[in-house]
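First to last, the protein sequences are chains A and Z. Each residue of the first sequence is one higher than the last, beginning at 341 in our numbering. Each residue of the second sequence is one higher than the last, beginning at 361 in our numbering. Yeah, the Cβ is synthetic: ideal placement off N, Cα and C, and Gly gets one too. Notes to accompany the following structure.
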Amino acid sequence: MALNNIWVFAQAANGAPTSATLELLTKARSLSSNVTAFMGGDGNSIAATLGEYGATKVYSVDHGSNLPGVAIASAMKSVIDGGDKPDLIMFPQNYEGRDTMSRLSVKLNKTVITNNIDIADSGDGVTTVTPIFGGNTLVSTTFTGEGPFLAAFRPKSFAPEASGGGAAAVTAVQVPDLGATGGAKVLAVHVEETTGPKLDEADVVVSGGRGLGESDKYVLVEDLAKILKGAPGASRAIVDAGWVPYSYQVGQTGKVVKPSVYIAAGISGATQHMVGMKGSKNIIAINKDKEAPIFGIADLGIVGDVHKVLPKLIEALKSR
Amino acid sequence: MFRAVTDEAKELTINSSRKELYGTSEPATRVTPRLGEEPCASWFMSDRVGNNGHLMNVIVCVKQIPDPAAPGALDAGTNTLKRDGKLVIDDSDMYGVEMALQLVDAAGGGEVNLVSMAPNSETSGMRTALAMGAAKGVLVSDPALQGSDALTTAKILAAAVQKLGGADLIIAATESSDGYTGTVPEQMAEVLGLPSVTFAKKVSVDSGTLKVDRQTESGYDEVSCPMPAVISVTAGVVEPRYPSFKGIMAAKNKPIEEVKASDLGVTPVGWEGAGQKISGVAQAEARQAGEIIEDDGEAFGKIVGFLENLKVI
């Protein structure tokens, strides 16, 4: 089937569309000339950029203090019921994208395919590609039946590229009465302050794992990241242990990073983690256990104690 | 089917001084609406006895998965994850079970019950949760469910929740460790017509209202949510207890009711209801390992050289 009408779940941060939004718009316009951005918040402020990356239309939803997922899904359903029916809705694989597509999938009684890195329309089927087993195996899944097809894509699956389109026309959509489902309300928003480059944009990432032994050793990771003008990251294990905030997490459930250099310190290389960093151009791993899976993908592997290697490395770099 | 709350509640409390609070009421018979009817939350609430000291009943979704330490494999015939070996409780679900036990304890009484969907009548993972202190469970095990997508799974688990008579709170992990579709909790909430808070990293109950710190990209949101509700909890939200020997022994005799998809009135299921089919499986281009050296005290120099070559420094 042809994809005549594609929606992209769009998000803004700090007054600009997120990189995930631009990635999805870029892919969407390669599949169809009719691309709509559907977003929470005020669409007017970013309509120009959304248009530049391929959106010809913007639906914007003021969800107020409602959690975005349930409110935007209801708004999407009302637009679809009103006659604008997309063949495909592309979501980013993140909190709000997941919530929205989950709610909508029940409302439309349609399946969801998540964690994708690619999508193609062969003419007789729309097929997504999902990496499994830490990215060793790629599974192709084809939607059956009628659209709208709901698919979520991992960050950095597509390279964002402006098309030079004009500003997209914005239509405000009201949130329908949510009834009991709208019971959850946001009372306060807390932003964790970070300095230095953003983890998912940094050219160098230094991540620490359980091999650091204790939380106060994480400062070694921060020091090295700072010297290399990079961002500090973490494995899920030490985030779960409460050493560093979740925003530091690299992996399946955290950030996907593709820096020029990724340094994994005291990280064994669980599938969970490798999915989030194996796209790095160069990988350096330091780990005591020479059997650690991380060495299977490292360009330079040091079998050794991070407590010995890192201080010497930091000292050597400082003295340059 | 339901046992008196007194038997169960004592097992799951850590604080024995609370025991005298139990034993006052048994769950009332609740009305179970059929799936597909207009969502209505009120039926969940029928046995609430006020905001102070009421029983808090929690249902935890528990997934039983292939041992994550073993390499995963796809079934050559169906291209689905092989689940024919021994299954274990998904580690991610331990946090939900612990959270449920703590909330019930804090409320002064109630029950933690389980729902699970697994092939081959598998219960070993559920037994782990029962050993931690859950009271009973419903297992949906049915060959017809093979190939089911996340939406069907959510419909099945929602129906299992209804079979248990609903609850004040339904807890799931944010995603499973084997399939990690990550949509089932929110889909269940929509099927049940309930509010939901996903990615909860801190949860408490104040005067019958949930207070949740919800993880966001840049930090967290403080969210309030009336019950009944569905939440998904992140790993690390609480420290799961180890089942005691007494708990493990007690778990052997706790009831798990096994039902089929047809018993729950959910159709279609399996591949037929999936809305997707596996059309291909390929090996990804493998990343080659590079140079591996043992640290002789000077290995840091290798890293410096490597970074110099890349002109990072």
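- With contacts defined by Cβ atoms closer than 7 Å, Arg576 (chain A) and Gly591 (chain A) form a contacting pair.
- Interface residue (Cβ-Cβ distance to chain A less than 7 Å): Val457 (chain Z) is not classified as such.
- Looking at Z:Val472, Z:Asn480, Z:Asp502, the one whose alpha-carbon comes closest to that of Ala489 (chain Z) is Z:Val472.
- Residue environment for Phe605 (chain Z): exposed (fewer than 16 other C-beta atoms within 10 angstroms of its C-beta).
- The C-beta of Tyr602 (chain Z) has fewer than 16 other C-beta atoms within 10 Å across all chains shown, which makes the residue exposed.
- Within chain A, the residues placing a beta-carbon under 7 Å from that of Gly542 (chain Z) are Arg438, Thr454, ordered along the chain.
- Annotation: Cβ neighbours of Pro471 (chain A) in chain Z (cutoff 7 Å, chain order): Ala644.
- Rounded to whole angstroms, the separation of the alpha carbons of Thr451 (chain A) and Gly635 (chain Z) is 5 Å.
- Every alpha helix (DSSP H) stretch that sits fully inside the segment 470-534 of chain Z and reaches 4 residues is listed by chain position as 484-492, 510-523.
- Here the alpha carbons of Phe559 (chain Z) and Gly522 (chain A) stand approximately 17 Å from one another.
- Excluding five sequence positions before and after Ala571 (chain A), the CB atoms of its chain that fall closer than 7 Å to its own CB belong to Gly536, Pro537, Lys538, Leu539, Ala542, Val545, Ala565, given in chain order.
- Taking one beta carbon from each stretch, the segment 487-502 of chain Z and the segment 615-635 of chain Z have 3 or more pairs nearer than 8 Å; the two touch.
- Using a Cβ distance threshold of 7 Å, Thr512 (chain Z) and Val629 (chain Z) count as a contacting pair.
- Rounded to the nearest whole angstrom, the C-alpha separation of Asn354 (chain A) and Val410 (chain A) is 23 Å.
- Just so you know, the alpha carbons of Leu364 (chain A) and Thr484 (chain A) end up roughly 22 Å apart.
- Non-local C-beta neighbours of Val619 (chain Z) in its own chain, meaning closer than 6 Å and more than five positions away in sequence, comprise Val500, ordered along the chain.
- Of all residues in the segment 572-587 of chain Z, only Gln575, Thr576, Glu577, Ser578, Gly579, Tyr580, Asp581, Glu582, Val583, Ser584, Cys585, Pro586 place a beta-carbon less than 7 Å from a beta-carbon of chain A.
- In the structure shown, Tyr588 (chain A) falls within a helical segment according to DSSP collapsed to helix, strand and coil.
- Of the other Cβ atoms in all chains shown, fewer than 16 fall within 10 Å of the Cβ of Gly661 (chain Z); this residue is therefore exposed.
- At a cut-off of 7 Å between beta-carbon atoms, Leu511 (chain Z) makes contact with chain A.
- Ranked by how close their Cα comes to the Cα of Trp583 (chain A), the residues A:Val561, A:Ser608, A:Tyr602 have A:Val561 in first place.
- Here Thr511 (chain A) is exposed. Its C-beta has fewer than 16 other C-beta atoms within 10 Å.
- The continuous alpha helix (DSSP H) containing Gly616 (chain A) extends over residues 611-617.
- Look at Lys562 (chain Z) here: in three-state DSSP terms it is strand.
- Going by beta carbons, Leu461 (chain Z) and Val422 (chain Z) fall outside the 7 Å limit.
- With fewer than 16 neighbouring CB atoms inside 10 Å of its own CB, His530 (chain A) falls in the exposed class.
- Annotated three-state conformation of Lys612 (chain Z) is coil, per DSSP.
- Under the DSSP assignment, Gln575 (chain Z) falls in the beta strand (DSSP E) whose first and last residues are 569-575.
- For Trp583 (chain A), the three-state secondary structure derived from DSSP is coil.
- Assigned with DSSP and collapsed to three states, Gly633 (chain Z) falls in helix.
- Within chain Z, the residues whose beta carbon sits less than 9 Å from that of His530 (chain A) are Asp573, Thr576, Ser578, Gly579, Tyr580, Asp581, Glu582, listed in sequence order.
- Within the DSSP secondary-structure output, Phe483 (chain A) pairs in a beta bridge with Z:Gln636.
- Of the candidates A:Phe489, A:Gly394, A:His647, A:Gly474, A:Gly394 places its Cα closest to the Cα of Ala350 (chain A).
- Just measuring C-alpha positions, the residue of A:Leu653, A:Arg660, A:Glu655, A:Ala610 sitting nearest Gly474 (chain A) is A:Ala610.
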